[in-house]
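To start, the structure under review is shown below, and the notes come after it.
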Amino acid sequence: MSQGPILELRGINKSFGPVQVLHDVAFSAYPGEVTALVGDNGAGKSTLVKCIGGIHPIDSGEYFFDGERVHVSGPRDAAALGVEIVYQDLALCDNLDIVQNMFLGRERRSGLVLDEDTMEEMAAKTLAGLSVRTVKSLRQHVSSLSGGQRQTVAIAKAVLWNSKVVILDEPTAALGVAQTAQVLELVRRLADRGLAVVLISHNMNDVFAVSDRIAALYLGRMAAEVKASEVTHAQIVELITSGRSGELGLKNGNGAAS
Amino acid sequence: MMRAGPSQEEIRKHNLGTLLRHVHLGGPTSRAELTSLMGLNRSTIMALTADLTAAGLVREELPKDTGRAGRPSLVVRPETARVYVLAFEVGVDRLAAARIGLGGVILDRREAARAREPFDMAQVVGTLAGFARQMRRKTREDTICVGAAAAVSGVVRASDGVVRIGPNIGAFEVPLGEELTKRLALGLPVAMGNEANLGALAEHTRGIGAGCRDLIYLHGDVGIGGGIIVNGQLLGGYGGYGGEVGHMMVNPDGRPCACGSRGCLEAEVGEPALMEHAGRYGEMIGRDAVRAVVDAADRGDVMAQEALAHVGNWLGLGVASLVNIFNPEMVVFGGILREIYLGSAAQVRSRIATGTLRATREQVRLRTSALGDDATLMGAAELAFAQVLADPLEALSRVAP
Ligand SMILES: Nc1ncnc2c1ncn2[C@@H]1O[C@H](COP(=O)(O)OP(=O)(O)O)[C@@H](O)[C@H]1O
Ligand SMILES: [Mg+2]
Ligand SMILES: [Zn+2]
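Top to bottom, those sequences are chains A and B.
Number 51 in full-length UniProt numbering belongs to position 51 of the first sequence; there are no gaps in the numbering.
Number 7 in full-length UniProt numbering belongs to position 7 of the second sequence; there are no gaps in the numbering.
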């Protein structure tokens with residue numbers, strides 16, 4: 001728990017044309033911990049995640065991975081580091097089955113060609129290792145899965161490929177209560193296995209249920225990164241809505257960097 | 001006078017039990033791993049394994065796929081299909097029984113709904129004994145039952161299995177252990193324990209808290225039970241009644257409790273409180289009722305949201321006290337508290353953040369049960385396996401067919 005961050009961003013700036021969306025953002029994720037990334041709609045959460053994933057190039061700022069300065073200039077670079085992102089609009093192929101999806105775009109670098117049986121066994125082991133029992137057949141098309149099961153497959157894919165950081169952008173937004181509970185428990189299990197997990201959610205119960213740290217973005221600025229055990233619901237809500245709460249947060253109300 | 005050290009026989013008994021426990025909890029384990037786990041030499045491990053194999057408790061096999069060159073170490077696996085215990089549960093809304101194999105595998109299970117009426121010994125014992133008979137009839141000839149235990153929603157005297165008080169099952173001073181033992185006629189006593197204590201045991205041995213030394217398990221049924229593991233041991237207290245956190249007072253002027261007191265944690269957080277705050281009292285009962293409230297809250301029902309927040313506030317207050325007193329490594333929410341915690345975690349953790357010493361809370365991990373609905377039955381199974389794990393050969397000789 002007291003290890004340093006596996007992922008650390010410093011001074012990230014990002015603009016779309018004339019509009020600056022991220023201002024001097026710092027953000028860290030730690031092995032074995034769930035870091036919740038919270039903020040109002042439009043605060044820049046998805047943009048930050050896409051910068052981490054190499055989808056958007058950053059204008060300036062530093063990206064450290066495992067203590068080393070790295071340059072991520074595309075999704076491949078992020079994947080090579082072991083950063084897996086489960087986007088809001090899930091990147092699963094509906095017309096492929098679960099096993100095929102879990103291996104999609106991941107021809108083994110070793111050059112080993114895997115046969116179908118081996119792939120199925122690896123997929124089954126991964127799901128079992130995560131105590132996932134809700135999926136009936138690994139050969140069913142992803143299109144036949146519920147929202148929660150799709151999230152589960154996307155998360156399991158991250159585990160199968162030995163990711164070190166898994167980022168989930170609002171994984172429970174479209175789910176009912178029972179499926180949300182399962183995804184939250186899966187998120188927690190992932191971190192308990194030593195991965196660094198970043199969870200974006202608007203639901204404060206979800207955030208408090210599984211997080212070790214909470215990072216609050218306000219108008220494209222990082223208002224605070226705090227330990228979840230040291231803050232209250234009211235403080236987080238204040239950080240989200242006004243960028244500050246008592247001693248916490250941005251030093252001046254209009255969101256200028258302190 | 002100097003005490004003599006343990007005899008050879010005692011050492012052997014201890015080692016047999018330790019080895020059996022390793023494979024019971026850890027699953028198939030290679031001889032090489034056992035050698036290093038137990039700090040004994042290879043020939044001792046071989047001899048112990050041979051004894052347990054001869055007794056029919058374990059089996060040795062070549063590992064399926066080692067992927068390595070050289071002679072593979074034999075794998076010792078529990079005789080799950082052959083050696084089993086019977087585990088029972090007397091919950092508020094269900095009577096359940098399971099046949100659980102060595103290694104903690106549920107081989108068979110039965111369940112019946114229980115009406116929320118005063119305790120009816122004949123009905124409870126009759127139902128459970130019926131389940132046991134059905135399950136035993138289906139077993140192979142060479143299987144062997146090495147123990148039996150029941151998890152009860154109530155305060156249980158371990159020595160004789162009397163349920164001293166089970167307010168939510170309407171039981172007061174009922175000799176359930178004795179009756180069950182008589183009716184089952186297994187030639188073994190049926191051990192008895194409180195459901196939350198046994199849930200704690202299960203989560204601690206093979207659930208979310210495996211490897212935790214200090215853990216608190218909170219079990220929500222209608223009320224709230226607690227099991228406290230301190231330094232790896234279940235906290236029993238003088239009479240074995242310890243851990244009744246459901247009756248920890250959190251609100252002196254609060255709601256009346258089934259125990260006769262007022263403002264107990266379970267009175268403020270239990271199912272009736274939640275249902276009443278949500279304006280749904282009497283609509284539904286049990287787990288489905290709680291789920292319906294959490295579901296309604298998720299869909300934007302303000303009254304349901306407020307009910308959860310209210311209950312979460314008291315839950316957090318109770319957990320905060322437990323965190324200050326016990327400084328646990330983990331607090332596990334089981335039974336209906338899984339749903340309640342997930343649906344009110346913001347309140348629960350806010351209370352813990354403001355109501356505990358930083359030193360006592362900074363390491364505590366809050367988790368939901370990994371064993372879910374099986375936690376209490378699995379805990380009863382662990383209790384039932386206790387004898388055979390303590391002294392495998394002796395326990396077996398007593399039950400051998
Ligand atoms: N590709 C884009 N082009 C232009 N503006 C964008 C783009 N993506 C996001 N934005 C803008 O950036 C801001 C932050 O958006 P986003 O990162 O999606 O916020 P969040 O995920 O916190 O709701 C919004 O004002 C949004 O309109
Ligand atoms: Mg977004
Ligand atoms: Zn009480």
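Cβ atoms here follow ideal geometry from the backbone N, Cα and C, with glycine treated the same way.
If you're wondering where the values come from, they're calculated on a predicted model, not measured in any experiment.
Neighbour flag for residue i against chain A, beta carbons, 9 Å
i	result
Asp214(B)	no
Arg349(B)	yes
Glu10(B)	no
Glu141(B)	no
Glu362(B)	yes
Ala345(B)	yes
Arg109(B)	no
Arg206(B)	no
Arg291(B)	yes
Cross-chain neighbours of residue i in chain A, by beta carbon under 8 Å
i	result
Tyr341(B)	Ala209
Contacts of residue i in chain B (Cβ-Cβ under 9 Å)
i	result
His202(A)	Ordered by position in chain B, no residue passes the 9 Å Cβ test against His202(A), which lies about 12 Å from the chain.
Glu230(A)	Ala353, Arg358, Arg361 and Glu362
Val132(A)	Residues of chain B passing the Cβ test: none, with the nearest at roughly 13 Å.
Classification of residue i by the beta-carbon crowding that lies within 10 angstroms, buried from 16 upward
i	result
Phe172(B)	exposed
Arg109(A)	Note that Arg109(A) has pLDDT 47, beneath the 50 cutoff, so the model's placement of it is unreliable and no number is given.
Tyr63(A)	buried
Gln151(A)	buried
Leu371(B)	buried
Arg338(B)	buried
Gln134(B)	exposed
Gly67(A)	exposed
Ser350(B)	buried
Tyr238(B)	exposed
Lys138(B)	exposed
Ile11(B)	exposed
Gly232(B)	exposed
Cβ pair residue i, residue j closer than 9 Å
i	j	result
Ile340(B)	Gly312(B)	yes
Val156(B)	Gly246(B)	no
Ala215(A)	Glu225(A)	yes
Phe326(B)	Leu366(B)	no
Met249(B)	Leu322(B)	no
Ala148(B)	Leu184(B)	yes
Leu218(B)	Ile224(B)	yes
Val165(A)	Leu7(A)	yes
Leu176(B)	Val92(B)	no
Trp314(B)	Ala273(B)	yes
Val207(A)	Ile236(A)	yes
Ala191(B)	Ala375(B)	no
Asn180(A)	Asp298(B)	For the record, residue 180(A) in the displayed sequence is Thr; it is not Asn. Contact flag set, yes.
residue 405(B)	Gly103(B)	Lying before the first or after the last residue shown, residue 405(B) is absent from chain B, which here runs from 1 to 401.
Thr383(B)	Gly193(B)	In the sequence as presented, Thr is not what sits at residue 383(B); that position holds Leu. Their beta carbons are under 9 Å apart, which means Leu383(B) touches Gly193(B) by this criterion.
Asn101(A)	Val142(A)	yes
Gly154(B)	Val222(B)	no
Below-9 Å beta-carbon distance, residue i vs any chain B residue
i	result
Val187(A)	no
Ser110(A)	Because the pLDDT at Ser110(A) is just 46, under 50, the model does not fix this residue reliably, and the point stays unresolved.
Val135(A)	no
Leu184(A)	yes
Met1(A)	Only weak support is given to the placement of Met1(A): the predicted model assigns it a pLDDT of 44, under 50, and the value that follows is read from those uncertain coordinates. Judged by the 9 Å Cβ criterion, Met1(A) is in contact with chain B.
Gly4(A)	no
Lys45(A)	no
Val197(A)	no
Val159(A)	no
Gly176(A)	yes
Ala156(A)	no
Ala234(A)	yes
Lys227(A)	yes
Listed by chain order, chain A residues near residue i by CB distance under 7 Å
i	result
Ser261(B)	Chain A residues near Ser261(B): none, gap ~29 Å exceeds 7 Å.
Chain A contact residues for residue i, given Cβ-Cβ distances below 9 Å
i	result
Val332(B)	The premise fails here: Val332(B) is roughly 12 Å from chain A at the closest Cβ pair, so nothing lies under 9 Å.
Partners in chain B for residue i, counting only beta-carbon separations shorter than 8 Å
i	result
Ala181(A)	Arg338, Glu339, Leu342 and Thr368
Asn162(A)	Within chain B, no residue comes near Asn162(A); the closest Cβ sits about 17 Å away, beyond 8 Å.
Val38(A)	Correct list: empty, because the minimum Cβ distance to chain B is about 11 Å.
Chain-ordered chain D contacts of residue i [CB-CB under 7 Å]
i	result
Asn101(A)	Among the protein chains in the structure shown, which are A and B, there is no chain D.
Proximal residues of chain B, C-beta to C-beta of residue i below 7 Å
i	result
Glu205(A)	According to the sequence provided, residue 205(A) is Asn. The question's Glu does not apply to it. What Asn205(A) touches in chain B: Leu342, Gly343, Ser344, Ala345 and Ala346.
Members of the segment 293-306 of chain B that neighbour chain A once the beta carbon cut-off is set at 7 Å
With the criterion set as a beta carbon lying under 7 Å from some beta carbon of chain A, the members of the segment 293-306 of chain B are Val294, Asp295 and Asp298, in sequence order.
Where the segment 70-98 of chain B meets chain A: residues whose CB sits under 9 Å from a CB there
From the segment 70-98 of chain B, no residue has a Cβ closer than 9 Å to chain A.
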